[in-house]
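Residue numbers (the working numbering): 2 to 257. Data block below; observations after.
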Amino acid sequence: MWWFAKHKKVDIIAAGWLEGMTDIHCHLVPAVDDGSRSLDETRQLIEAMRSVGIQRIITTPHIYRRYPHNDSDTLRQAIERLLPELSDLEMPLTLGAEHMLDEGFETHLAKPLLTLGDSKYLLVETSFVGAPLDLYRLIQSVISAGAIPMLAHPERYLYMDDKEYSRLQGAGCAFQLNLFSLTGMYGERVEKRAQQLLERGLYSFVGTDTHRIERFRKTIASAKTYARYEEPIRTLMSNNQTLMPPHEQCTSRASM
Ligand SMILES: [Fe+2]
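Given below as structure tokens:
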């Protein structure tokens, strides 16, 4: 009986785990990165996200060399243009960004920071192949700029080991789980790594990292993980909620 309870899996969508979620990681600004390709796709994504229970969104376009036009100014302008086109959907939506920690990163610290929904958290990522040589210097530069680095999907950095995760937390990083890592979307190794980090209590926040409509529909059609993770996930979701700006929010304007 005990074994059964520990190993029972549930469909997290059918079980309503995402009900009331504030998603703090997704790529909904059309045609600025590898996320939504058009206004129409953004609208479909918002409807699909709402259908699984997501109620507020901080969208996080990529800022890194591959998308040289993206910086805090151009993305703020893009969301100002976008929000009136979405107002009829009545989905609270505001802006953040996902910053790649690479050699161009520090130029973005010289501009007004594009934190998550005007909070103190700056969403950062590394390559999936390896960390930059000066990773800890870059993390310190975020802190010196007055923000807290939140590392996106640490479970997907399979090059990291336990020692590295502890060192990152010691350096002041918060960790954000990619929810669908737990359902096997990125393969078994990432799923196991996400389980380990969740069981060690290393995550503080959770995002969906939604990019495109076809993939999102496929993902939510079959999204299963262990029932015992419901409580820790709910804790992460309530942390997410603290990041959404209080002055409701922005179907007609960006918060920053
Ligand atoms: Fe992302």
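Glycine included, every Cβ here is placed at the ideal spot set by N, Cα and C.
Within 10 angstroms of the beta-carbon of A195 lie 16 or more other beta-carbons, which makes it buried. Annotation: E107 to L244 spans about 24 Å, alpha carbon to alpha carbon. Ranking A224, E215 and Q197 by CA distance to the CA of P233 puts Q197 first.
Counted as a single uninterrupted DSSP element, the alpha helix (DSSP H) harbouring N240 occupies residues E231 to Q242. Here A49 carries a helix assignment [DSSP, helix/strand/coil]. Annotation: the continuous beta strand (DSSP E) that includes I58 extends over R57 to T60.
In this chain, G208 is not harboured by any alpha helix (DSSP H); it is covered by the beta strand (DSSP E) spanning F206 to G208. Pairing S145 with H109 gives a Cβ-Cβ distance that is not under 8 Å. In the three-state reduction of the DSSP assignment, I144 falls in the helix class, which pools H, G and I. In the structure shown, the three-state DSSP call for D163 is helix. With a threshold of 16 other beta carbon atoms within 10 Å, Y160 falls short and is exposed. Per DSSP, the unbroken beta strand (DSSP E) holding P150 starts and ends at I149 to A153. Using a 10 angstroms sphere on the CB of R218, the tally of other CB atoms stays under 16, which defines it as exposed. Counting only beta-carbon distances shorter than 5 Å to the non-hydrogen atoms of ligand 1, the qualifying residues in chain order are E99 and D210. When the beta-carbon positions are compared, L84 and L94 come within less than 8 Å of each other. With 16 or more neighbouring CB atoms inside 10 Å of its own CB, G36 falls in the buried class.
Around the beta carbon of D210, 16 or more other beta carbons sit within 10 angstroms, so the residue counts as buried. Rounded to whole angstroms, the separation of the alpha carbons of S128 and L136 is 11 Å.
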